[in-house]
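**Student:** I have a structure here, written as C-alpha cells, and I will follow up with some questions on it.
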Amino acid sequence: MTMRAWSFLSASLLASLMLFALAASSQVPFSQWGDLLAPPAELTLDKIILAYSLFPRAAVALVAGAALGLSGALLQQFLRNPLADPSTLGISAGAQLAIVAATLYVPEIVDGHRTLVALAGAAGAAAIVFALGWRRAFEPVTMVVCGLLVGVTAAALSAAMTLARGEYLMSLVTWNGGSLSQQDWSVFQSLGLELVLLGLFAGLLIRPMLVLGLGDTSARSLGVNLGGIRFAIAAIATALAGFVASAVGLVSFVGLAAPAFVRACGARRPAAIVALSPLAGALFLWLCDSIVQTVARASSENFPTGAVTALVGGPLLLWLLPKVRSMEVPHEARESVHRGNLKIAFAAFLVLVPVLVAIAFVVGPSGHGWKILSWAETLDLAPLRWPRLLASAAAGGLLAVTGAILQRMTGNAMASPEVVGVSGGAGLGFAAALTFAPDGGTVVVFTGAGLGALIAMLAVLVFASRRHLPPEKLLLAGVAVGSFSSAVLSALLAIGDQRSWQILSWLGGSASTATPATAIFLGILSLLVVAAALLLSRWLTILPFGPSIALSLGLSVRLSRVLLLLLSGAATGAASLLVGPLSFVGLVAPHIVLRAGLVTAPQHLAGSFLLGSILMALADFGARTATFPYELPLGLFAALVGAPYLIWLLGRHR
Amino acid sequence: MGPFVSRRELLLGAALLLAAPMARAGAPLRIATIDWAMLETLCALGLTPVAATELIQFRSDAVEPDLPADVVDLGLRGSPNFELLHLLRPDLILISPFYVRHEAALGRIAPLFSLPFYVRGEPPFEKALAAVKALGERLGRSDRAEALLKEIVGEIEGFRQTLAPFANRSTYIVNIGDARHVRVFGFDSMFGDMLARLGLPNAWTDRSRFTFAAPVSIENLAADPDARIVIVSEVPVEARSGLRNSIIWNSLEPVRKGRVIQLANVNPYGGVTAGLRFARLFAEAMLAGDRRG
C-alpha cells in the first residue's frame, strides 16, 4: 500500500467520523454521553436514539461494509476475476428473490427467519452460477455474465411476483434500496458475530489461497485439496453476502469497489488484498451512509444507502479501472461452428413468422381460457394488437442487431446491449426526460432515452478507446454504467412522486404502451438500423480478427467503432424505451443464429434481426396472456425466453 | 403466481363482451375507472362501473365501497389491460393525472374524464370534494352530488364534535412499512387533511412522507413526545415481531404510555369514501379507547 492509499483511507475515516460526530452531538451533547450505558428505561428518548439508532447504524455500516469487502475479495481471489462480487455474481439478487417470494407467499417465515431465507436464496444463486462457471473453468467473463444473468432473472422474477400480486410492498422496496437504519444492537450483534466467524475461516484459508495463486498444477503438486478449498471460499463469500442481504438489504458495489481500491492502491499479495478489503469496504459504506444521513437531515429527502453506494461506486470504479492490474482474462475463443444449411434456417423463419403473427392476432380470452377468435372479433381487436406486435418485434430486432454488432465488434461473445450498460444509459435518459420535461410526451421521452443510451455508449467508448477496448474492460465499464443507472432510478423512486410511477412502469416495460405512431416509428427505425448494419458488414467481418488485421486491410478501427457504437446506441435507446432495461434478446439471438450456421456478417446480422423480432413477439404474447388480465413485464418474458437457452449454452462443455 | 381471475369473472367478462353491442340507447353509461379515487367517487354518486383496476388489491386495501362481484378486473393500475377494456365497450373512462402515460391509448377506446386528487404539497380532500361535484356534473347527477356533499360536510362536522375532546393532543398518522420504517401522513395526504378538518393538530408538520422507496425511520416519530400514534392499515406480518422487540419503537413516549391506535385498512390514495372511512374508524377507535386520550 502506498502513502496515497493510506491517506485516502484516513481521509475517508476522518470524514465519516466528523459527519458522525456532528450528527451524534446534535442529538445528545458530548458531555452527556457518559449516561448512554444506563439501561434504556432510564434514558431520555434523544439518548435512546443515539445509543440504539445512530451508534448501531454506524456500527452496522462498518460491519456490513467489511463483510461485503471480504466477500468480494474472496470471490475475486478465488475466481481470479476482478469483476467478481456478490452483486455481479447474482448472489445478492438470489437472496433478494428468496426474501421477496417468502414475503409474498409465506410472510410468517420471514418474521424471524429472514437470515435463513436470504441465505438459502444466496446459496441457490451461487450454486447455479458456480455450477455453470465450473464447466468453463471459472473463466472470468463467463462467470460474470452468468452472474448478471442469474441476477437479472432473479430481479425480474421478484418484480413480476410483486406486480402480479398487485402489490407495491413498501418493505420490499425499502429492502431493495438497502436501508441501514437501526432500532437496536441486534443486527450489529448477529452480523458482527457472523463476520468474525467467517473472517477467521477466511484467515485460515489465506495460505492455501496463496498456493492457489500458483496455478492448478503447482497447487496439486504441493498436495493442496483444490476442490475443498474452493468450496470453502465460495461458501464463506456466499454466506457473507447472504447475511448482509438479510440484515440491511441490497447494498451493491461495495464488494466490487473495495478490493479494486485496495489493488489500485498497490496491494499485490492475496493475503494483503483479503486483509485490507474489509477495511476499505467498511470505510466506504460508512462514508456513504454518513453522507446519506447528512443529506437526509439537511434536505429531508431520504435516499436508500444501497442505491447511493452504487451511485458513488460506479464512477469510482470507472476512475479506478485504469489503475486496476489486469488479470489474465482469456479471450473468448470463437466457437467452431459448422456451416449450417441456410435454406433450412430461412425456411424455419418463413414458417415461424406467419404462425406467430396468426397466433398473435386470432387467440383471445374466452370464458374458460383461450380460444380462436372469429373473423369479426379478430378485426375488432386488430387495431389494438398490431401496434404492440409491430413494436415488440421491432424492439426485439433492434436489440438483437445491436447484440450482433457488439459481439462482432468486441470479439466478445458475451457482449450485448444489456451487458455493456447501454440499456442503463437509456434508463438514465428516460429519468432525465421525465425530470426536466415532465409534460413532453412520447417524443421527448424517446429522445431522452436515445440520448441517454448514446451518452452511456460514449462514456464506455471514451473509457475503452483509451484502453484499446479489451473486452473485459468494456464489460466492466458497462457494469459500472448499468449500476449507476439503476442507482439513479432507485433514488428517484425514493423521492416518490408521479415520476416513480412512470419509472416503475418503465422498469416493468410493457408493449401495451405502444401506439400506432410509436410502432411505426420503431418499425422504420429497425429497418434503417438493419440496413445500416448490413452496409457496414464489411467492417463487422474484419473487426473480429483484431485491430492489427483490420488496420492492415485499411480499416480505421477507431472510426468504425465510433460509428457502430452510435448506431447501437440509437437502436438500444429506442428499443429499451418499450422493453425496459432487461431482456436477453440482444445476447441470445445472435448466439442462436451463429449456432444455426449463419456465420458471415450479413447473415449473422439479418438472422439476428429476424430471430430477435420473433423472440420478442413471443415474449409479448406470453406477457399479455400468462396472467390475464394482469399484464406482466415484457422484459421479464423476454428474459424467460432467453435465459434457459443461455444457461444451456454456458453449461455446455466447450 | 396464483390464478388472477376466477373462472366466474372470466365468464362474466365474456358475457359482457357478448352483451356489449346490445347495450345501447337509454341504457346507463358504461363507465370504466382506472384510478381508485375516481372509482370511489363514482360509487359514492351511486353508480357502479363495469370495470376497474386491481380489484383484488382494492378489496383488501380500500375495503369500502363494497363492489359487486360482476365488476370486471382490468389488471394493474400501472398497465391496465387495454384489450379487455376495449372489449367491454365503455362509454367513459375515468382517470387522474397519474395516468398521463396512458391517455392516448385510453382515449382511443372511449372518451376520458380526468380529475386531479393528489398533488404534492396540496391538501387532497378539497380536491376529492371538487371531484364529486365535477363528476356529478359530467354524469348529469348534480343533484345527487350536491346532496352527497352536504351529507359529507354534515358527517365530518359530527366526527369533529365527537373528537373535540381529543384535540388537545397532536396525532401522528402512520403506515408501518417494516420493523424500522413508517410512512408518515402530512397535511398533503388524505389522512392528514382529514385530521385537520376534524380539528386535530397533526404531529407531523413536514409534508407527507407517503413516498415510494424511502419511508422515514421510526425514530422520526420522537419529535413530539406528547402525541398519539395512529397506525392506519394492518402491520405487515413480516414486521410484527421486529416491531414488538424494537427498543426505539418501545421507547417512543406514545408507545410507552399506550397511546397507539390501530385502524383497519384504508386506501391512502382514495377519494371521499376513503377520507370518511378514515374519519369514522378514527372516531370509533378514539371513543372506544377513551382513557388513552
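The listed protein sequences correspond, in order, to chains B and C.
Take the first sequence: its letter number 86 is residue 86 in our numbering, and every next letter is one higher.
Take the second sequence: its letter number 266 is residue 1266 in our numbering, and every next letter is one higher.
Built from N, CA and C at the ideal position, the CB exists for glycine as well.
Treat the numbers as computed from the prediction; the structure is a model and nothing was measured.
Quick one: what does DSSP say A1081/C is sitting in, helix, strand or coil?
**Tutor:** Note that residue 1081/C is Asn in the sequence shown, not Ala. Reduced to three states, the DSSP call for N1081/C is coil.
**Student:** So what does DSSP say about W185/B, is it helix, strand or coil?
**Tutor:** Coil.
**Student:** Quick one, which of G121/B, L180/B, A11/B and R388/B has its alpha-carbon nearest G249/B's?
**Tutor:** Residue L180/B is the option with its Cα nearest to G249/B.
**Student:** Bridge partners for Y1172/C per DSSP, in chain order?
**Tutor:** Note: Y1172/C sits in a beta bridge opposite I1229/C.
**Student:** I'd like to know whether the C-beta of T515/B is nearer than 8 Å to at least one C-beta of chain C.
**Tutor:** It does; some Cβ of chain C falls within 8 Å.
**Student:** Please check if any C-beta of chain C sits within less than 8 Å of the C-beta of D111/B.
**Tutor:** Answer yes: the Cβ-Cβ gap between D111/B and chain C drops below 8 Å somewhere.
**Student:** Please confirm if N1168/C has its CB atom under 8 Å from at least one CB of chain B.
**Tutor:** Taking Cβ atoms only, chain B never reaches closer than 8 Å to N1168/C, which makes this a no.
**Student:** Report yes if the C-beta of P208/B is less than 7 Å from at least one heavy atom of the ligand FMN; otherwise report no.
**Tutor:** This structure simply doesn't include the ligand FMN, nor any ligand for that matter.
**Student:** Answer yes or no: do G580/B and L634/B have a C-beta to C-beta separation smaller than 8 Å?
**Tutor:** Contact: yes.
**Student:** Shorter than 8 Å from the beta carbon of I48/B to some beta carbon of chain C?
**Tutor:** Closer than 8 Å to some Cβ of chain C, the Cβ of I48/B qualifies, so yes.
**Student:** What are the complete beta strand (DSSP E) segments, minimum 3 residues, inside the segment 1083–1129 of chain C?
**Tutor:** Correct list: 1092–1095 and 1112–1114.
**Student:** According to a CB-to-CB cut-off of less than 7 Å, which residues of the segment 1059–1086 of chain C neighbour chain B?
**Tutor:** Result list: D1073, L1074, G1075, L1076, G1078, S1079, N1081, F1082, E1083, L1084 and H1086.
**Student:** Under a Cβ-count criterion, where at least 16 other Cβ atoms within 10 Å of its own Cβ denotes burial, should D85/B be classed as buried or exposed?
**Tutor:** Buried, since its Cβ has 16 or more Cβ neighbours within 10 Å.
**Student:** In three-state DSSP terms, what is W175/B?
**Tutor:** Its pLDDT being 48, under 50, W175/B is placed unreliably by the model, and nothing is read from it.
**Student:** So, is F1117/C buried or exposed, given that buried needs 16 or more other C-beta atoms within 10 angstroms?
**Tutor:** With 16 or more other Cβ atoms within 10 Å, it is buried.
**Student:** According to DSSP, simplified to helix, strand and coil, what is R80/B?
**Tutor:** Three-state DSSP puts R80/B in coil, outside helix and strand.
**Student:** Over the uninterrupted beta strand (DSSP E) stretch that includes R385/B, give me the two end residues.
**Tutor:** R385/B -> not in any beta strand (DSSP E); alpha helix (DSSP H) instead, spanning W375 to T410.
**Student:** If we define contact as Cβ-Cβ less than 8 Å, is T103/B a contact residue for chain E?
**Tutor:** Of the chains in the structure shown, none is chain E; the protein chains are B and C.
**Student:** List the residues of chain B that I1248/C touches, going by C-beta distances under 8 Å, in chain order.
**Tutor:** Here the neighbours are I48, I49, Y52, S53, Q183 and D184.
**Student:** My output table needs one value for A514/B: the three-state DSSP class, helix, strand or coil.
**Tutor:** Residue state, collapsed to three classes: coil.
**Student:** Could you pull the start and end residues of the alpha helix (DSSP H) that A11/B belongs to?
**Tutor:** M3 to Q27 is the span of the alpha helix (DSSP H), which, as asked, contains A11/B.
**Student:** Would you say E42/B faces chain C, with C-beta separation under 8 Å as the test?
**Tutor:** No, its Cβ sits nowhere closer than 8 Å to a Cβ of chain C.
**Student:** Provide the residue span of the alpha helix (DSSP H) that contains K1150/C, from first to last.
**Tutor:** That run of the alpha helix (DSSP H) goes S1142 to L1163.
**Student:** Determine which residues share a DSSP beta bridge with D1309/C and list them.
**Tutor:** Outside the displayed range of chain C (1001 to 1293) lies residue 1309/C, so it cannot be described from this structure.
**Student:** Please name the residue, chosen from A241/B, S16/B and L83/B, that lies closest to L116/B on a Cα-to-Cα basis.
**Tutor:** Per the Cα distances, A241/B.
**Student:** In whole angstroms, what is the alpha-carbon distance linking F545/B and A272/B?
**Tutor:** Spanning the two alpha carbons is a distance of roughly 39 Å.
**Student:** If you run the structure through DSSP and keep just helix, strand and coil, what is I1034/C?
**Tutor:** If DSSP states are grouped into helix, strand and coil, I1034/C belongs with coil.
**Student:** Could you give the residue range of the beta strand (DSSP E) that holds W1204/C?
**Tutor:** No beta strand (DSSP E) holds W1204/C; DSSP gives it neither H nor E.
**Student:** Just reading off the alpha helix (DSSP H) that R558/B is part of, what are its end residues?
**Tutor:** Element bounds for R558/B: V557 to V579.
**Student:** If you pair each beta-carbon of the segment 1071–1090 of chain C with each one of the segment 1033–1050 of chain C, do three or more pairs fall below 8 Å?
**Tutor:** Segments in contact, yes.
**Student:** Give the interface partners of L89/B over in chain C, defined as CB-CB distance under 7 Å, in chain order.
**Tutor:** None at all; the shortest Cβ gap to chain C is about 25 Å.
**Student:** According to DSSP, is G1293/C part of a helix, a strand, or is it coil?
**Tutor:** Only weak support is given to the placement of G1293/C: the predicted model assigns it a pLDDT of 43, under 50, and the question is left unresolved by the model.
**Student:** Report the partner residues of W539/B according to the DSSP bridge assignment.
**Tutor:** Bridge partners of W539/B: none, in fact.
**Student:** Can you give me the Cβ contacts of P590/B inside the same chain, cut-off strictly under 7 Å, excluding the 5 residues immediately before and after it?
**Tutor:** A400, G403, A404, Q407, H604 and S608.
**Student:** Could you pull out every residue in the same chain whose Cβ sits closer than 6 Å to the Cβ of F8/B, ignoring the five residues on either side in sequence?
**Tutor:** Around F8/B: no qualifying Cβ.
**Student:** Counting C-beta neighbours from all protein chains within 10 Å, is the total for I549/B 16 or more, i.e. buried, or is it exposed?
**Tutor:** The residue in question, I549/B, is exposed, as its Cβ has fewer than 16 Cβ neighbours within 10 Å.
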